[in-house]
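*Asks:* Before I ask anything, let me first share the structure, which is written out below as structure tokens.
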Amino acid sequence: MQLSAQDLTALWITFKLAAVGTSILIVICTPLAWWLARTQWRGKIFIEAMVSLPLVLPPTVLGFYLLLLLGPRGPIGGFFEDIGVGHLAFTFTGLVIGSMLYSLPFVVQPLQNAFAATGQRVMEAAATLRASPLDRFLTVSLPLARRGFLTAAVLSFAHTLGEFGVIIMIGGNIPGRTQVASIAIFNHVEALDFEAAHALAAILVVLAFSMLFAVYAINRRFKVVGVGQ
Amino acid sequence: MSIEARFRFDRGDFVLDVDLSLPARGVTALFGRSGSGKTTLLRCVAGLERAPGRLVVDGAVWQDEHAFLPTHKRPLGYVFQEASLFPHLKAAANMRYGMRRTPEAERRVGWDEVVDLLGIGHLLDRYPDALSGGERQRVSLARALLTSPRLLLMDEPLSALDHARKQEILPYLERLHDELDIPVLYVSHSPDEVARLADHVVLMENGRAVASGGLQDTLARLDLPTALAEDAGVVVAATVGAHDAQYNLTRLDFSGGSVFVAERPQALGERLRFRVHARDVSLARERVEGTSITNLLPATVVEVGAADNPAHVLVRLDAEGTSLLARITRRSLDQLGVEPGLRMWAQIKAVALLG
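Protein chains in written order, with the working numbering: chain A, 6 to 234; chain B, 47 to 401.
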């Protein structure tokens with residue numbers, strides 16, 4: 006089972022995509038999830054429904070709209086074209102944006118649940134112990150939500166590994182630039198090169214399983230140590 | 047040295063309306079039934095609830111028309127009903143959390159002093175999950191004390207604990223009272239806790255403070271609502287006067303006389319509080335001979351008021367500076383001709399020692 010250079014590149018792009026997308030998502034979703042967990046605003050269900058949309062939409066629908074948005078004639082792609090950066094369709098940046106949207110609910114929901122589970126009481130206790138709002142967030146909310154962060158990061162990463170529909174719509178299938186592992190597998194199968202497909206597929210299965218296994222194991226350990234909540 | 051608190055807070059179904067001036071020393075109990083607004087008042091003092099009003103603690107304005115000091119800028123300690131320790135930190139780290147955030151110049155309460163006072167030296171290395179309910183409350187009390195608060199707020203700190211755990215913690219609270227000079231606002235609905243710990247009592251009802259005064263005076267008042275009358279009684283502060291080894295009795299002395307109780311472990315001269323329920327006091331015009339009741343006190347009738355039952359009345363007596371309440375039937379009242387100014391003998395059938 007020997008991987009071709011092109012397959013190795015596809016794997017590398019897949020990892021880079023998952024790592025970059027997950028990192029940015031965690032940063033963006035932390036305040037969003039915090040706000041969703043705390044707000045009493047009625048309109049919050051609208052935001053929640055929006056965030057969950059990628060769970061049920063066919064990835065091709067998401068990819069189609071993204072292609073329109075990010076392409077040279079789209080409002081976002083057109084803007085970048087105008088300022089000389091170039092539009093975003095068929096680029097790695099475009100892939101990152103697409104995979105972030107696709108994995109959004111997998112990050113927001115665990116974080117929101119973790120923040121909600123922290124409860125108001127310990128935050129009030131921290132306030133009576135002279136901690137400012139930011140201090141309380143950093144020293145109480147974040148550590149208590151760490152299982153949520155771990156879950157969010159792993160789900161987002163693993164989910165991006167398996168992404169297909171969105172990427173094929175907005176990234177095309179450019180070997181060495183936007184071709185990711187799942188699409189490379191598809192190509193191998195089309196070409197009836199089952200051996201190459203097996204190699205890549207097996208790698209993805211093992212990776213995804215190991216990551217999920219690690220999450221469940223770590224969550225279990227946390228519980229035993231008594232970090233609770 | 048005082049705490050002035052004025053709040054008006056209309057939440058539709060609940061109105062808090064208080065205007066209090068409280069001593070900034072000793073333990074002030076906010077006493078009342080659940081829903082009377084005592085916890086809300088405490089939260090307003092902490093700044094956890096935003097109610098329009100004015101709050102001045104020891105000369106420092108914490109809140110008025112123009113300013114509202116956020117909770118983390120108020121030099122207070124707060125002990126919640128359920129210990130709210132940070133589950134991700136060990137007991138010691140929990141205790142350091144607030145101390146680290148207190149400027150060094152303001153730290154007056156020492157680590158060793160608190161660990162010793164609350165007996166938690168062996169718990170420091172444990173996570174909150176590995177502590178019992180009572181231990182958790184002691185650690186959270188230590189955590190609050192280590193911020194060297196100018197005012198300690200306690201919201202029914204014992205109510206989530208069973209009887210045995212309460213008995214475990216009460217002595218620590220008494221030591222706190224005796225050894226640290228930090229004023230305490232203590233929310234409670236338990237007459238026994240109030241009797242045992244408080245110096246000053248604020249009686250809350252429907253969001254209002256219906257009475258505020260010294261513990262002994264307030265408990266002996268007859269014009270206060272049933273919250274107290276159901277279980278009416280007085281608290282007497284006494285010192286251990288003598289031990290009678292032959293009969294295993296201890297004599298407790300107070301300003302109006304003394305009573306004998308079953309032998310107590312306390313040394314001579316130690317201070318002790320006890321409660322005398324009105325139902326355990328009967329009255330006689332003459333000194334009764336040939337009775338098994340050992341505790342007889344001469345006392346003067348001050349006033350007569352209604353009890354919670356129409357067959358009974360409450361009589362307030364003065365035994366040379368110590369107030370007593372007696373619950374007698376209305377028929378006895380008439381037959382004995384009890385009226386203010388009459389000298390009588392109060393027969394005390396039982397006293398409830400507090401601690």
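Beta carbons: idealized from backbone N, C-alpha and C, even for Gly.
Taking 8 angstroms as the CB-CB cut-off, is Asp201(B) touching chain A?
*Replies:* It does not; no Cβ of chain A falls within 8 angstroms.
*Asks:* Please list, in chain order, the chain A residues whose beta carbon lies closer than 7 angstroms to that of Pro229(B).
*Replies:* The premise fails here: Pro229(B) is roughly 16 angstroms from chain A at the closest Cβ pair, so nothing lies under 7 angstroms.
*Asks:* Are the region 80 to 98 of chain A and the region 186 to 198 of chain A touching by the rule of at least three beta carbon pairs closer than 8 angstroms?
*Replies:* Result no; under three Cβ-Cβ pairs closer than 8 angstroms.
*Asks:* Is it buried or exposed for Asp162(B), if we count other Cβ within 10 angstroms and need 16 for buried?
*Replies:* It is exposed - the Cβ of Asp162(B) has fewer than 16 other Cβ atoms within 10 Å.
*Asks:* Touch check for the region 93 to 110 of chain B and the region 133 to 142 of chain B: three-plus C-beta pairs under 8 angstroms?
*Replies:* Touching, no.
*Asks:* Using only the alpha-carbon positions, how far apart do Pro64(A) and Asn178(A) sit?
*Replies:* Cα-Cα distance, rounded: 16 angstroms.
*Asks:* When the Cα atoms are used, what is the spatial distance from Thr285(B) to Gly315(B)?
*Replies:* Spanning the two alpha carbons is a distance of roughly 5 angstroms.
*Asks:* Could you tell me the distance, in whole angstroms, from the CA atom of Thr156(A) to the CA atom of Ile81(A)?
*Replies:* Cα to Cα, Thr156(A) sits roughly 31 angstroms from Ile81(A).
*Asks:* Please report the distance separating the alpha-carbon of Leu388(B) from that of Ala324(B).
*Replies:* Using only the alpha carbons, I get a separation of about 18 angstroms.
*Asks:* Mapping the DSSP letters down to three states, classify Leu261(B) as helix, strand or coil.
*Replies:* Correct three-state label for Leu261(B): helix.
*Asks:* Does Leu41(A) come within less than 8 angstroms of chain B when only Cβ atoms are used?
*Replies:* Not closer than 8 angstroms to any Cβ of chain B, the Cβ of Leu41(A) fails to qualify, so no.
*Asks:* For Arg376(B) and Ala365(B), I'd like the C-alpha separation in whole angstroms.
*Replies:* Rounded to the nearest angstrom, the two C-alpha atoms are 22 angstroms apart.
*Asks:* Name the DSSP bridge partner or partners of Asp354(B)?
*Replies:* According to DSSP, which records beta bridges pairwise, Asp354(B) is partnered with nothing at all.
*Asks:* Touch check for the region 195 to 209 of chain B and the region 221 to 236 of chain B: three-plus C-beta pairs under 8 angstroms?
*Replies:* Touching, yes.
*Asks:* Quick one: which chain A residues come within Cβ less than 7 angstroms of Thr85(B)?
*Replies:* Under the 7 angstroms cutoff, chain A gives no residues; its nearest Cβ is about 12 angstroms from Thr85(B).
*Asks:* Would a C-beta distance cut-off of 8 angstroms place Thr117(B) and Leu94(B) closer than the cut-off?
*Replies:* Against a cut-off of 8 angstroms, the Cβ pair of Leu94(B) and Thr117(B) comes out as a contact.
*Asks:* At which residues does the alpha helix (DSSP H) containing Tyr218(B) begin and terminate?
*Replies:* His209 to Glu225 is the extent of the alpha helix (DSSP H) around Tyr218(B).
*Asks:* Quick check on Thr156(A) - is its C-beta less than 8 angstroms from some C-beta in chain B?
*Replies:* With 8 angstroms as the cut-off, Thr156(A) does not count as an interface residue toward chain B.
*Asks:* Expressed to the nearest angstrom, what Euclidean distance is found between the alpha-carbon atoms of Gly76(A) and Gly99(A)?
*Replies:* C-alpha separation (whole angstroms): 9 angstroms.
*Asks:* Answer yes if the region 330 to 341 of chain B comes into contact with the region 367 to 381 of chain B, meaning at least three C-beta pairs across the two stretches below 8 angstroms, and no otherwise.
*Replies:* The region 367 to 381 of chain B vs the region 330 to 341 of chain B: no contact.
*Asks:* Could you tell me which chain B residues have their CB closer than 7 angstroms to the CB of Pro148(A), listed as they occur along the chain?
*Replies:* Per Cβ cutoff of 7 angstroms: His134.
*Asks:* Contact defined as beta carbons within less than 8 angstroms: I believe Val64(B) pairs with Ala51(B). What is the distance between those atoms, to the nearest angstrom?
*Replies:* 6 angstroms between Cβ atoms; contact.
*Asks:* If we ignore side chains and look at the alpha-carbon of each, how far apart do Ser67(B) and Gly78(B) end up?
*Replies:* Each residue's alpha carbon lies about 18 angstroms from the other.
*Asks:* Just how far apart, CA to CA, sit Val127(A) and Pro311(B)?
*Replies:* Cα-Cα distance, rounded: 40 angstroms.
*Asks:* With a CB to CB cut of under 8 angstroms and the five nearest residues on each side skipped, what residues in its chain are close to Ala190(B)?
*Replies:* The answer, listed in chain order, is Gly123, Tyr124, Val125, Gly144 and Leu198.
*Asks:* Should Val240(B) be labelled buried (16 or more other beta-carbon atoms within 10 Å of its own) or exposed?
*Replies:* The residue is buried, with at least 16 neighbouring Cβ atoms inside 10 Å.
*Asks:* Is the CB of Ser161(A) under 8 angstroms away from at least one CB in chain B?
*Replies:* Ser161(A) does not count as touching chain B.
*Asks:* What are the partner residues of Ile394(B), as DSSP defines its beta bridges?
*Replies:* Paired residues: Val327(B) and Asn341(B).
*Asks:* Could you tell me if Asn341(B) is buried or exposed, where buried requires 16 or more neighbouring beta carbons within 10 angstroms of its beta carbon?
*Replies:* Under this definition Asn341(B) is a buried residue.
*Asks:* What first and last residue would you give for the alpha helix (DSSP H) that runs through Ser378(B)?
*Replies:* From DSSP, the alpha helix (DSSP H) with Ser378(B) extends over Arg376 to Leu382.
*Asks:* Rounded to whole angstroms, what is the Cα-Cα separation between Gly367(B) and Lys84(B)?
*Replies:* Cα to Cα, the separation comes out at about 30 angstroms.
*Asks:* Does any residue of chain A have a CB that is nearer than 8 angstroms to the CB of Gly302(B)?
*Replies:* Chain A contact via Cβ: absent.
*Asks:* How many angstroms separate the CA atom of Ala273(B) from the CA atom of Arg89(B)?
*Replies:* Residue placement at Ala273(B) is flagged as unreliable, the pLDDT there being 41, under the threshold of 50; the coordinate-derived value follows with that caveat. The straight-line gap from Cα to Cα measures roughly 22 angstroms.
*Asks:* Going by DSSP, what residue range makes up the beta strand (DSSP E) through Ile49(B)?
*Replies:* Taken as a continuous stretch (DSSP letters only), the beta strand (DSSP E) holding Ile49(B) covers Ser48 to Asp56.
*Asks:* Considering Cα atoms alone, identify which of Asn252(B), Gly302(B) and Arg211(B) is closest to Gln183(B).
*Replies:* When only C-alpha atoms are compared, the closest one is Arg211(B).
*Asks:* Helix, strand or coil for His21(B)? Go by DSSP, reduced to three states.
*Replies:* Because chain B here runs from 47 to 401, residue 21(B) falls outside it and cannot be looked at.
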